[in-house]
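Novice: Reminder that position 23 of the sequence shown reads as 23 in full-length UniProt numbering, one-by-one numbering, no gaps.
Every residue gets a Cβ at the ideal spot worked out from N, C-alpha and C, and that includes glycine.
Predicted model only: the values in this text are computed from it and were never measured.
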Amino acid sequence: MSTPARSVDTLVVGGGLNGVGVAYYLAREGVTDVLVVEAEEHGSGATGGSMGNVRQQGFGHPLEIECSRRGLDFWKNVEERLGAPCLFHEDGYLLLTGTAQTAAILREQADLQISMGLPDVQLLEPDEVAELVPFIDPEGLICGSWTPKDGHVMPMDGLSAFIHAGRELGVKIQKRWPVTRLERKPDGWHAYGPDEIVAQRVVAVAGWGNRELLQPFGVDLDIYKATHRAVLTEPAFAGSRIPTVIDIDTGMAIEREGEALMLAMLGRNPAARDHNHLVELFVEAAADRAPGLADLKIVHELTAYPALGGDGHPYVGKVEEGLWALAFTGHGAMHGPPVAEALARSIVDRPDPTLDLSPWDVRRTPGQRTVLWRRNATS
Ligand SMILES: Cc1cc2nc3c(=O)[nH]c(=O)nc-3n(C[C@H](O)[C@H](O)[C@H](O)COP(=O)(O)OP(=O)(O)OC[C@H]3O[C@@H](n4cnc5c(N)ncnc54)[C@H](O)[C@@H]3O)c2cc1C
Numbered sequence: 001m002s003t004p005a006r007s008v009d010t011l012v013v014g015g016g017l018n019g020v021g022v023a024y025y026l027a028r029e030g031v032t033d034v035l036v037v038e039a040e041e042h043g044s045g046a047t048g049g050s051m052g053n054v055r056q057q058g059f060g061h062p063l064e065i066e067c068s069r070r071g072l073d074f075w076k077n078v079e080e081r082l083g084a085p086c087l088f089h090e091d092g093y094l095l096l097t098g099t100a101q102t103a104a105i106l107r108e109q110a111d112l113q114i115s116m117g118l119p120d121v122q123l124l125e126p127d128e129v130a131e132l133v134p135f136i137d138p139e140g141l142i143c144g145s146w147t148p149k150d151g152h153v154m155p156m157d158g159l160s161a162f163i164h165a166g167r168e169l170g171v172k173i174q175k176r177w178p179v180t181r182l183e184r185k186p187d188g189w190h191a192y193g194p195d196e197i198v199a200q201r202v203v204a205v206a207g208w209g210n211r212e213l214l215q216p217f218g219v220d221l222d223i224y225k226a227t228h229r230a231v232l233t234e235p236a237f238a239g240s241r242i243p244t245v246i247d248i249d250t251g252m253a254i255e256r257e258g259e260a261l262m263l264a265m266l267g268r269n270p271a272a273r274d275h276n277h278l279v280e281l282f283v284e285a286a287a288d289r290a291p292g293l294a295d296l297k298i299v300h301e302l303t304a305y306p307a308l309g310g311d312g313h314p315y316v317g318k319v320e321e322g323l324w325a326l327a328f329t330g331h332g333a334m335h336g337p338p339v340a341e342a343l344a345r346s347i348v349d350r351p352d353p354t355l356d357l358s359p360w361d362v363r364r365t366p367g368q369r370t371v372l373w374r375r376n377a378t379s
């Protein structure tokens, strides 16, 4: 004998930062019966391994910049908003290039950012870059784009804060409940997993899992689960403020993690096969641009699983009556919370008139890749 299906008003599929974020914002909008189901554990998607950079710069579209403004404000005020602590490491963010073409894009992006009332961006000369970051060799650089008030967070802290604040408003969360299929029937949306749930409304925020969930409804998202490798060094540059540094030309990425540095290569194709290969690629790139890092000892290896694909913009909005979706292919830590909030407002029919998410509609055809260090990658 099968057990009868459970009923809820709103089912959110995916217990990462943004699934729980949408659930919290829906509850704040007055939806009283919200259940989040997560296939594994919180953070087993992209959220758990995220670098968590929150930056205003490096974006070429006003919607991205507006989401950065709101995202930065969110992350700097998590405790006030959600009642749970979340450190913001204001280390600053530095993009480097030695090519005239990329320097021109950075200049354009900085001008757009400034025209939108975010003046915290400076284009630095090579010797100013070397003064700011002790391990950079300015030879061959054209400029550095620098935003001192940017920084990084632990997205898992934000997720915990959303869980805490959501629970206070009655949001329920169930782990180890993978949705294998969604089906619309006359009495509502049926979600099939370890048992069956009937919901009046479903919001799919399942990261790369959204591809499979939404295919039956004619939405074929260009999004897949990638493998990202990084390493942690021994303690380095004690007492120095080390910003997050991305060398756009090589993909070399450096982030302060406590006393150590986290090193990675972004947008490389093929990506690092394993951690030894990653270190080889990094040392090769660092030889010219960051020779001061070449001799650091590696003490820890990290593996994470970002959702990649698409053009760098998220997929968000209504799929069909009663079915909504949100999926990021990058930037979902910094842009996720404001987009989750705006989506929740659209779902309850009180859209935010100041944030038009239609350019990122879930049914749009993806455009050109926008992430500077992924422009030349083929996957
Ligand atoms: C290495 C790395 C570096 C990053 N760096 C940055 C950065 O610097 N700045 C930034 O803004 N962003 C960054 N990101 C991206 C950002 O972290 C993500 O965009 C964001 O965390 C996505 O959150 P999410 O809740 O949308 O998705 P996820 O965290 O992927 O959550 C989706 C959840 O859905 C669950 N799920 C999947 N399928 C199903 C199913 N069928 N049923 C139930 N549950 C399901 C998964 O288990 C998962 O927990 C990075 C990501 C990685 C991995």
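Per DSSP, Gln174 is paired with what?
Specialist: Position 174 of the sequence shown, counted from the start, is the residue given in the question as residue 174. Partner(s): Val37.
Novice: Could you say which of Val198, Glu125 and Gly330 lies nearest to Asp33 if we only look at CA atoms?
Specialist: As a first step, residue 33 must be located in the sequence shown, where it is residue number 33. Measuring from the Cα of Asp33, the nearest candidate turns out to be Val198.
Novice: Excluding five sequence neighbours on each side, which residues of the same chain lie with their C-beta closer than 6 Å to the C-beta of Ala46?
Specialist: For the purposes of this step, residue 46 is taken as residue 46 along the sequence shown, with counting starting at 1. Only Gly207, Pro306 and Ala307 meet the Cβ criterion.
Novice: Kindly give me the distance between the Cβ atoms of Val339 and Leu357, rounded to whole angstroms, as I take these residues to be in contact under 8 Å.
Specialist: Looking up residue 339 in the sequence shown gives position 339. Looking up residue 357 in the sequence shown gives position 357. Confirmed, about 7 Å.
Novice: Report the three-state DSSP secondary structure of Asp361 (helix, strand or coil).
Specialist: Numbered from 1 along the sequence shown, position 361 holds the residue referred to as residue 361. In this structure, Asp361 counts as strand in the three-state DSSP scheme.
Novice: Mapping the DSSP letters down to three states, classify Val219 as helix, strand or coil.
Specialist: Taking the first residue of the sequence shown as position 1, residue 219 is located at position 219. Three-state DSSP puts Val219 in coil, outside helix and strand.
Novice: Only counting runs of 3 or more residues, tell me where the beta strand (DSSP E) segments fall wholly within the stretch 24-73, in order along the chain.
Specialist: Runs found: 34-37.
Novice: DSSP three-state label for Met154, please.
Specialist: Translated into positions along the sequence shown, residue 154 becomes position 154. Correct three-state label for Met154: coil.
Novice: Measure the Cβ-Cβ separation of Pro138 and Ala130 and say whether it is below 7 Å.
Specialist: By one-based count along the sequence shown, residue 138 stands at place 138. By one-based count along the sequence shown, residue 130 stands at place 130. Yes. Within cutoff.
Novice: Which runs of the alpha helix (DSSP H) spanning at least 4 residues fall entirely within the stretch 320-374, listed in chain order?
Specialist: As far as the stretch 320-374 is concerned, its whole alpha helix (DSSP H) runs of at least 4 residues are 336-347.
Novice: Let me know if Asp157 comes out buried or exposed under the rule of 16 or more other beta-carbons within 10 Å of its beta-carbon.
Specialist: For the purposes of this step, residue 157 is identified with residue 157 of the sequence shown, where counting begins at 1. Buried, since its Cβ has 16 or more Cβ neighbours within 10 Å.
Novice: What whole-angstrom Cβ distance do Trp360 and Val316 have, given they're in contact under 8 Å?
Specialist: Counted from its first residue, the sequence shown places residue 360 at position 360. Counted from its first residue, the sequence shown places residue 316 at position 316. Indeed they touch by this definition, with Cβ atoms about 5 Å apart.
Novice: Between Arg256 and the rest of its own chain, which residues show a CB-CB distance below 6 Å, the 5 nearest in sequence each way excluded?
Specialist: Along the sequence shown, read from residue 1 onward, the residue named residue 256 stands at position 256. Taken in chain order, the residues that qualify are Asp91 and Ile242.
Novice: If you reduce the DSSP assignment to three classes, tell me which class Arg129 lands in.
Specialist: In the sequence shown, the residue the question calls residue 129 occupies position 129. The question names Arg, but residue 129 is Val in the sequence shown. In this structure, Val129 counts as helix in the three-state DSSP scheme.
Novice: Mind the definition here: the stretch 263-283 touches the stretch 6-16 only if three or more C-beta pairs lie below 8 Å; say whether that holds.
Specialist: Not touching, per the Cβ criterion.
Novice: Do you know offhand how far His228's Cα is from Glu301's?
Specialist: Within the sequence shown, numbered from 1, the residue matching residue 228 stands at position 228. Within the sequence shown, numbered from 1, the residue matching residue 301 stands at position 301. The straight-line gap from Cα to Cα measures roughly 11 Å.
Novice: Between Leu296 and Val283, what straight-line distance do the alpha-carbon atoms span, to the nearest angstrom?
Specialist: Your numbering for residue 296 matches position 296 in the sequence shown. Your numbering for residue 283 matches position 283 in the sequence shown. Rounded to whole angstroms, Leu296 to Val283 spans 10 Å at the Cα level.
Novice: What residue range is occupied by the uninterrupted beta strand (DSSP E) comprising Ile298?
Specialist: If you number the sequence shown from 1, residue 298 lands on position 298. From DSSP, the beta strand (DSSP E) with Ile298 extends over Ile298 to Ala304.
Novice: Any chance the stretch 92-102 sits against the stretch 244-259, with 3 or more Cβ pairs inside 8 Å?
Specialist: Cβ pair count under 8 Å is three or more, so yes.
Novice: Could you tell me whether any non-hydrogen atom of ligand 1 is closer than 6 Å to the CB of Leu308?
Specialist: Residue 308 sits at position 308 when you count from the first residue of the sequence shown. No.
Novice: Compare the beta carbon distance of Tyr24 and Ala191 with 7 Å and say whether it is the shorter of the two.
Specialist: Taking the first residue of the sequence shown as 1, we reach residue 24 at position 24. Taking the first residue of the sequence shown as 1, we reach residue 191 at position 191. The answer is no: Cβ separation not under 7 Å.
Novice: From this set, Gln57, Ala290 and Gln215, which residue's C-alpha is nearest Glu320's C-alpha?
Specialist: Translated into positions along the sequence shown, residue 320 becomes position 320. When each option's Cα is compared against that of Glu320, the closest is Gln215.
Novice: Does Thr102 come out as helix, strand or coil in the three-state DSSP assignment?
Specialist: In the sequence shown, the residue the question calls residue 102 occupies position 102. Three-state DSSP puts Thr102 in a helix.
Novice: Which residue or residues does DSSP assign as beta-bridge partners of residue 380?
Specialist: With the chain represented from 1 up to 379, any question about residue 380 goes unanswered, as that position is not in the structure.
Novice: What residue range does the alpha helix (DSSP H) around Asp288 cover?
Specialist: Within the sequence shown, residue 288 is the residue found at index 288, counting from 1. Unbroken alpha helix (DSSP H) run through Asp288: His275 to Arg289.
Novice: With respect to the beta strand (DSSP E) encompassing Val198, which residues constitute its N-terminal and C-terminal limits?
Specialist: Here residue 198 refers to the residue found at position 198 of the sequence shown. Taken as a continuous stretch (DSSP letters only), the beta strand (DSSP E) holding Val198 covers Glu196 to Ala204.
Novice: Round the Cβ separation of Val22 and Val205 to the nearest angstrom and send it over; I've been treating them as touching at under 8 Å.
Specialist: As a first step, residue 22 is located in the sequence shown; it is residue number 22 there, counting from the start. As a first step, residue 205 is located in the sequence shown; it is residue number 205 there, counting from the start. Val22 to Val205, Cβ: 6 Å. Contact.
Novice: Using the Cα positions of Glu80 and Asp274, report the straight-line distance between them to the nearest angstrom.
Specialist: Within the sequence shown, residue 80 is the residue found at index 80, counting from 1. Within the sequence shown, residue 274 is the residue found at index 274, counting from 1. C-alpha separation (whole angstroms): 41 Å.
Novice: From Gly312 to Thr3, what distance separates their C-alpha atoms?
Specialist: By one-based count along the sequence shown, residue 312 stands at place 312. By one-based count along the sequence shown, residue 3 stands at place 3. Near 43 Å, if we compare the C-alpha coordinates of Thr3 and Gly312.
Novice: Have a look at the DSSP bridge pairing and note the partners of Val13.
Specialist: Here residue 13 corresponds to residue number 13 of the sequence shown, with the count starting at 1. Note: Val13 sits in a beta bridge opposite Val37 and Ala204.
Novice: Per DSSP, Val179 is paired with what?
Specialist: Position 179 of the sequence shown, counting from 1, holds the residue named residue 179. BP columns for Val179 are empty, so no partner.
Novice: Run the proximity test for Pro186: is its beta-carbon closer than 6 Å to any non-hydrogen atom belonging to ligand 1?
Specialist: In the sequence shown, counting from the first residue as 1, residue 186 sits at position 186. Pro186 Cβ: outside cutoff for every heavy atom of ligand 1.
Novice: Could you pull out every residue in the same chain whose Cβ sits closer than 7 Å to the Cβ of Leu281, ignoring the five residues on either side in sequence?
Specialist: Residue numbering aside, residue 281 sits at position 281 when the sequence shown is read from its first letter. Within the same chain, Leu281 has close Cβ partners Met265, Arg268 and Ala272.
Novice: Below 7 Å between beta carbons: does that hold for residue 411 and Ser145?
Specialist: Since the displayed the chain opens at 1 and closes at 379, residue 411 lies outside it and no answer follows.
Novice: Let me make sure I understand the geometry here. Which of Gly43, Val36 and Leu26 has the alpha-carbon closest to that of Gly16?
Specialist: Here residue 16 refers to the residue found at position 16 of the sequence shown. The shortest C-alpha separation from Gly16 is found at Gly43.
Novice: The alpha helix (DSSP H) spanning Arg211 covers which residue range?
Specialist: Counting from 1 along the sequence shown, the entry for residue 211 is found at position 211. Run containing Arg211: Gly209 to Leu214, per the alpha helix (DSSP H) assignment.
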